[in-house]
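Asker: Taken in order, these protein sequences are the chains called A and D.
Once you know that position 84 of the first sequence is 83 in numbering that gives the first Met the number 0, the rest is easy, because the numbers rise by one and skip nothing.
Once you know that position 185 of the second sequence is 184 in numbering that gives the first Met the number 0, the rest is easy, because the numbers rise by one and skip nothing.
C-beta: ideal position from N, C-alpha, C; glycine also.
In this text, all values refer to a predicted model and were calculated from it rather than measured experimentally.
My structure is below; once you've seen it, I'll send some questions.
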Amino acid sequence: MSKKKPNFLRKVTTAIDLPKELVFNLPRIVMISNEEVYIENYKGIVNYNDKEVRLNTNRIPVKITGAGLEITQITADDVTISGRICSVEFAN
Amino acid sequence: MILNLFRFFSGYVSVSLTGNFTERFINICIARGLVIWNIRKTDEHTTTINIAVRDFLKVRPIARKSKTKVKITEKHGLFTYLKKHRKRKFFFIGLVFFMLFIFISTRFIWHIEIHGLTYTSEQSLTQSLKEAGVFPGALKSRIDQSKVKNSVLLKQKDLSWLWVDIKGSKAIVNVSQRTPAPQIEEQSTPCDIIATKDGVIFSYNATGGSVKVKTGDSVVQGQTLISGVITSEMIPHRYTKASGQVWARTWYTPSDTFYPVIDVLKETDEKKTRYSINIFGFDINLFFSSKPPYDTYNTQTSSKELYIFKKPTGIILNHTTYTKTENKKQALNEAELLNYAKEQLLEKIKSELSESAELLGQKTDFNKNPDGSYNIMLICEYKEQIGISVEIKNPLLSENAP
Numbered sequence: 000m001s002k003k004k005p006n007f008l009r010k011v012t013t014a015i016d017l018p019k020e021l022v023f024n025l026p027r028i029v030m031i032s033n034e035e036v037y038i039e040n041y042k043g044i045v046n047y048n049d050k051e052v053r054l055n056t057n058r059i060p061v062k063i064t065g066a067g068l069e070i071t072q073i074t075a076d077d078v079t080i081s082g083r084i085c086s087v088e089f090a091n
Numbered sequence: 000m001i002l003n004l005f006r007f008f009s010g011y012v013s014v015s016l017t018g019n020f021t022e023r024f025i026n027i028c029i030a031r032g033l034v035i036w037n038i039r040k041t042d043e044h045t046t047t048i049n050i051a052v053r054d055f056l057k058v059r060p061i062a063r064k065s066k067t068k069v070k071i072t073e074k075h076g077l078f079t080y081l082k083k084h085r086k087r088k089f090f091f092i093g094l095v096f097f098m099l100f101i102f103i104s105t106r107f108i109w110h111i112e113i114h115g116l117t118y119t120s121e122q123s124l125t126q127s128l129k130e131a132g133v134f135p136g137a138l139k140s141r142i143d144q145s146k147v148k149n150s151v152l153l154k155q156k157d158l159s160w161l162w163v164d165i166k167g168s169k170a171i172v173n174v175s176q177r178t179p180a181p182q183i184e185e186q187s188t189p190c191d192i193i194a195t196k197d198g199v200i201f202s203y204n205a206t207g208g209s210v211k212v213k214t215g216d217s218v219v220q221g222q223t224l225i226s227g228v229i230t231s232e233m234i235p236h237r238y239t240k241a242s243g244q245v246w247a248r249t250w251y252t253p254s255d256t257f258y259p260v261i262d263v264l265k266e267t268d269e270k271k272t273r274y275s276i277n278i279f280g281f282d283i284n285l286f287f288s289s290k291p292p293y294d295t296y297n298t299q300t301s302s303k304e305l306y307i308f309k310k311p312t313g314i315i316l317n318h319t320t321y322t323k324t325e326n327k328k329q330a331l332n333e334a335e336l337l338n339y340a341k342e343q344l345l346e347k348i349k350s351e352l353s354e355s356a357e358l359l360g361q362k363t364d365f366n367k368n369p370d371g372s373y374n375i376m377l378i379c380e381y382k383e384q385i386g387i388s389v390e391i392k393n394p395l396l397s398e399n400a401p
């Protein structure tokens with residue numbers, strides 16, 4: 000029963016075009032070229048330096064690599080990272 | 000931008016964090032709702048962050064919990080800025096004067112704009128407005144719009160409506176003028192309609208009197224076209240006011256001698272711009288010599304008004320550009336010369352033509368002189384109204400009198 004429930008919710012969400020990030024509380028990531036990454040629904044900073052930023056999210060940790068990384072804006076819900084971004088990875 | 004401005008006004012500090020758990024420090028700060036931004040790692044153990052002044056006071060327990068050392072590196076914000084520059088007295092005096100200047104100067108009217116005048120002179124309206132208290136330099140608060148309206152309308156009989164709108168330091172006066180009553184022509188004086196120039200009658204439309212000419216007749220200047228004396232079997236001579244229009248074909252033959260090389264006034268690349276400022280109705284020149292910079296020149300003037308918060312302040316910058324002009328000889332070929340001569344000759348007869356004149360045809364005639372000059376004659380045919388009303392001075396001595 001507990002296994003079936005998320006599948007059902009996923010089906011309903013897809014059927015009526017609901018935004019998944021709201022229903023499942025998934026991270027929403029917006030990139031502006033390689034200059035800025037904006038992440039909504041994150042759950043805290045794991046590791047931070049100017050070459051790599053690791054963030055916890057509900058589902059899967061996000062790793063951002065690059066050079067001269069800087070957290071320009073941070074609130075409880077969203078974070079903006081700017082610098083020269085090389086990659087955005089999802090890795091455990 | 001607005002966020003930065005808000006942070007500047009409320010004040011913030013740059014803080015350096017030293018420790019092994021700076022991430023934890025940041026996470027706790029965010030969880031407790033403190034506003035931090037611009038997080039930058041300077042080296043392995045040091046991070047700098049910006050934090051609002053009011054939030055900085057809540058940092059101590061977080062620092063203890065995350066075993067991080069906190070040190071202020073820089074202070075920012077309005078109060079810090081003012082404290083830093085508190086010794087610059089004249090800067091503050093200037094600032095206060097500037098604010099006072101703006102505040103006081105916008106209390107007055109500096110310009111008056113009048114819209115809607117058609118036939119009355121602006122001068123008389125300006126005078127009436129001045130007497131009613133609307134003039135450059137008047138205090139805005141003293142102007143009572145409905146009083147101004149009443150007093151000006153009483154003085155200016157030719158206006159039917161007036162309203163003064165005050166925008167910034169500008170008074171915009173909208174008026175609407177009374178349509179003047181039509182002049183009633185006096186019908187009792189006997190009049191003739193006579194020809195003002197020679198011509199051949201083209202058509203006529205007589206509404207009073209008896210017509211003495213017919214279409215195709217040649218008339219000379221002064222000839223009676225429509226007579227004010229009507230003769231009939233019952234009443235031998237009845238004097239009336241002749242009225243109507245008589246159209247005739249008229250000819251003009253202006254001529255002159257033209258040389259194929261003419262002087263043309265041409266603009267050169269030399270330019271000079273002079274500025275002047277109009278402050279509260281006074282002109283202040285921003286140049287020294289009052290003489291124009293060139294002997295022959297064309298000028299172009301434009302002005303720009305200073306607006307603060309979309310309101311005119313009464314300060315206008317005028318600039319006048321003087322472009323030097325030079326006389327240059329220009330050689331024309333025959334066709335160009337004829338065109339040039341035509342324009343010149345048409346200009347010559349312009350004053351003789353009546354307003355209703357309509358060009359029917361034109362032709363140029365020329366012969367070349369031995370010295371290279373041309374005698375050019377323009378023959379123009381016009382259709383125009385040639386009748387003019389003239390009072391019959393002594394009806395009994397009129398040419399139509401018995």
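Distance, Cα to Cα, residue 156 of chain D vs residue 77 of chain D?
Answerer: Looking at the two C-alpha atoms, the distance is approximately 59 Å.
Asker: When you compare the CB of residue 40 of chain D with every CB in chain A, is at least one pair closer than 9 Å?
Answerer: yes
Asker: So, using beta-carbon positions, are residue 257 of chain D and residue 382 of chain D closer together than 9 Å?
Answerer: no
Asker: Who are residue 81 of chain A's beta bridge partners in DSSP?
Answerer: A:35, A:69
Asker: In the region 106–152 of chain D, which residue ranges form an unbroken beta strand (DSSP E) of at least 3 residues, counting only runs that do not cross its ends?
Answerer: 110–114
Asker: Determine, for residue 22 of chain D, whether the minimum Cβ-Cβ distance to residues of chain A falls below 9 Å.
Answerer: yes
Asker: I'd like to know if residue 170 of chain D contacts chain A, where contact means its C-beta is closer than 9 Å to some C-beta of that chain.
Answerer: no
Asker: Who are the neighbours of residue 14 of chain A on chain D, taking C-beta pairs under 9 Å?
Answerer: Per Cβ cutoff of 9 Å: no residues; residue 14 of chain A is ~36 Å from chain D at best.
Asker: Quick one: does residue 61 of chain D have its CB under 9 Å from some CB of chain A?
Answerer: no
Asker: If residue 131 of chain D and residue 150 of chain D are in contact, beta carbons under 8 Å, what's the gap, nearest whole angstrom?
Answerer: The pair is a contact, with the Cβ atoms about 4 Å apart (cut-off 8 Å).
Asker: Among D:66, D:259, D:111, whose alpha-carbon lies nearest the alpha-carbon of residue 371 of chain D?
Answerer: D:259
Asker: Is the region 165–183 of chain D touching the region 343–356 of chain D in the sense that three or more CB pairs, one from each, lie closer than 8 Å?
Answerer: no
Asker: Measure the Cβ-Cβ separation of residue 380 of chain D and residue 272 of chain D and say whether it is below 9 Å.
Answerer: No, the Cβ-Cβ distance between residue 380 of chain D and residue 272 of chain D is not below 9 Å.
Asker: Please list the segments of the beta strand (DSSP E) lying wholly inside the region 43–115 of chain D, counting only runs of 3 or more residues, in order along the chain.
Answerer: 45–51, 68–75, 110–114
Asker: Please name the residue or residues paired with residue 46 of chain A in a DSSP beta bridge.
Answerer: Residue pairing for residue 46 of chain A: DSSP places it in a beta bridge opposite A:53.
Asker: Hey, could you find the ends of the beta strand (DSSP E) residue 264 of chain D is sitting in?
Answerer: 260–278
Asker: Is DSSP giving residue 26 of chain D helix, strand or coil here?
Answerer: helix
Asker: Is there contact here, the region 185–194 of chain D with the region 214–229 of chain D, by at least three beta-carbon pairs under 8 Å?
Answerer: Judged by Cβ distances under 8 Å, the region 185–194 of chain D makes contact with the region 214–229 of chain D, as three or more pairs qualify.
Asker: For the alpha helix (DSSP H) holding residue 293 of chain D, just list the boundary residues, first then last.
Answerer: Taken as a continuous stretch (DSSP letters only), residue 293 of chain D belongs to no alpha helix (DSSP H), as it is neither H nor E.
Asker: Going by C-alpha to C-alpha distance, which of D:170, D:308, D:329 sits closest to residue 262 of chain D?
Answerer: D:329
Asker: Quick test of the definition: if touching needs 3 or more C-beta pairs under 8 Å, does the region 77–91 of chain A touch the region 41–59 of chain A?
Answerer: yes
Asker: Throw me the rounded Cβ distance for the residue 73 of chain A and residue 29 of chain D pair, which I believe falls under 8 Å.
Answerer: 6 Å
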